[in-house]
Amino acid sequence: MTAVAMELTPRQRTWSAFRRNPLGMASGGLLLLLALVAICAPLIAPFPEGYGADTSQPPSAAHWFGTDDIGQDVFAQVVWGTRVSMAVGVSASVLAIVIGLLIGVSAAYFRRLDTPLGVLVDLSLSLPVLPLMILVAALAGPSVRTLIVVIALFSWPEVARVVRSQALAIVPMPFVSAAKVVGGSALWIVRTHLLPGVIPVVGVSVVLTTSRAVLAEAGLSFLGLGDPNSWSWGTILHKAQQSGSLASAWWTTLFPSLAILLLVLSTTLLSVAYNDARDHRSNS
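Residue numbering for the sequence shown follows numbering that gives the first Met the number 0, starting at 0 and increasing by one per position.
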């Protein structure tokens, strides 16, 4: 290891290793592009509504992604669908991360809570997630808020398990014992020592949970449980299925499916690259 590498902090070494991974950088750039499309949707394409004269037209210079059975531009649908799909994915991921973080850290630090919380996590992981998601979303009614809450409630157990395992490795550390000896409160120890120690794992969980949330949203919306007044990638597929365009107009399903594939693939590659960059032993 060179003298310059030894002077770098762990965060700087992680970033330096990550920058040398072309797949990681490309995946991060693609996610940034999708986020910009979601934010700038009104500047990219008009909101798809009403009826158009050009119905079921294949991709052309006038309509890059073609049109659907009522003449709406599929490119505009995908652009505006990016906004809702990304918003649902990120919001559900953040909510799931907060719940999983609280439960995982509590189980690791407060040993009396470890067994009951562990049973809760194991029970949640053993449940048939998709049927329960469909049931809860159907009972609560189709809306973006419902999708966010439902997806988050079924996504936090995996986060909690990962956070707990990481926090268990930190609790026996000498600096945690020293903090207890000097009279540090449990809240102060958790905030000062445990949370900074599990943040790297949480960073990976945010990326992976977001991709799973987008997939869950697409599946629920495809089944007609999404908000009928907004566009998402799953809603585009649902309306194509309802109109019978799945077989007759391939472009109505190809492009939203590609958007879902690109997001899931980029988040997966980004998480792999980040994990590799965090392994300083392999980068030394």
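For glycine and all other residues, C-beta sits at the position ideal for the given N, C-alpha and C.
- Ranked by how close their Cα comes to the Cα of S231, the residues S256, Y108, T208 and S244 have S256 in first place.
- Bridge pairing for D72: T66 [DSSP].
- An exposed status is given to L31, since fewer than 16 other beta-carbon atoms sit within 10 Å of its beta-carbon.
- Looking at the backbone, the Cα of L236 and that of L35 are separated by about 23 angstroms.
- Counting along the chain, no alpha helix (DSSP H) covers H192, and no H or E run does either.
- When the five nearest sequence neighbours on each side are left out, the beta carbons in the same chain lying within less than 8 angstroms of the beta carbon of L112 are those of S105 and A106, in order along the chain.
- One alpha carbon belongs to K238, the other to F221, and they sit about 8 angstroms apart.
- Counting C-beta pairs with one atom in each stretch, the region 122 to 130 and the region 58 to 73 have fewer than three that are closer than 8 angstroms, which means they do not touch.
- Assignment of G27 by DSSP, reduced to helix, strand and coil, places it in the helix class.
- Around the beta-carbon of Y50, fewer than 16 other beta-carbon atoms lie within 10 Å, marking it exposed.
- T266: member of the alpha helix (DSSP H) spanning W250 to R277, first to last residue.
- In the three-state reduction of the DSSP assignment, G182 falls in the coil class, being assigned neither a helical nor a strand state.
- No Cβ-Cβ contact shorter than 8 angstroms links W250 with F17.
- When rounded, the separation of the alpha-carbon atoms in G99 and S59 is 46 angstroms.
- Taking every protein chain shown into account, the CB of W187 has fewer than 16 other CB atoms within 10 angstroms, so this residue is exposed.
- Contact between the region 87 to 95 and the region 142 to 161 is established, with three or more Cβ pairs separated by less than 8 angstroms.
- The region 263 to 275 makes contact with the region 201 to 220; the number of CB pairs closer than 8 angstroms reaches 3 or more.
- The beta carbons of D226 and V143 sit closer together than 8 angstroms.
- In the displayed model, L146 falls within a helix according to three-state DSSP.
- T252 and L245 have their C-alpha atoms spaced approximately 7 angstroms apart.
- Check the Cα spacing between R163 and each of G218, V120 and G103: the tightest is with G103.
- Counted as a single uninterrupted DSSP element, the stretch harbouring L126 is not any alpha helix (DSSP H), since DSSP gives it neither H nor E.
- Counted as a single uninterrupted DSSP element, the alpha helix (DSSP H) harbouring P156 occupies residues W155 to I169.
- At a Cβ-Cβ threshold of 8 angstroms, A136 and L224 count as neighbours.
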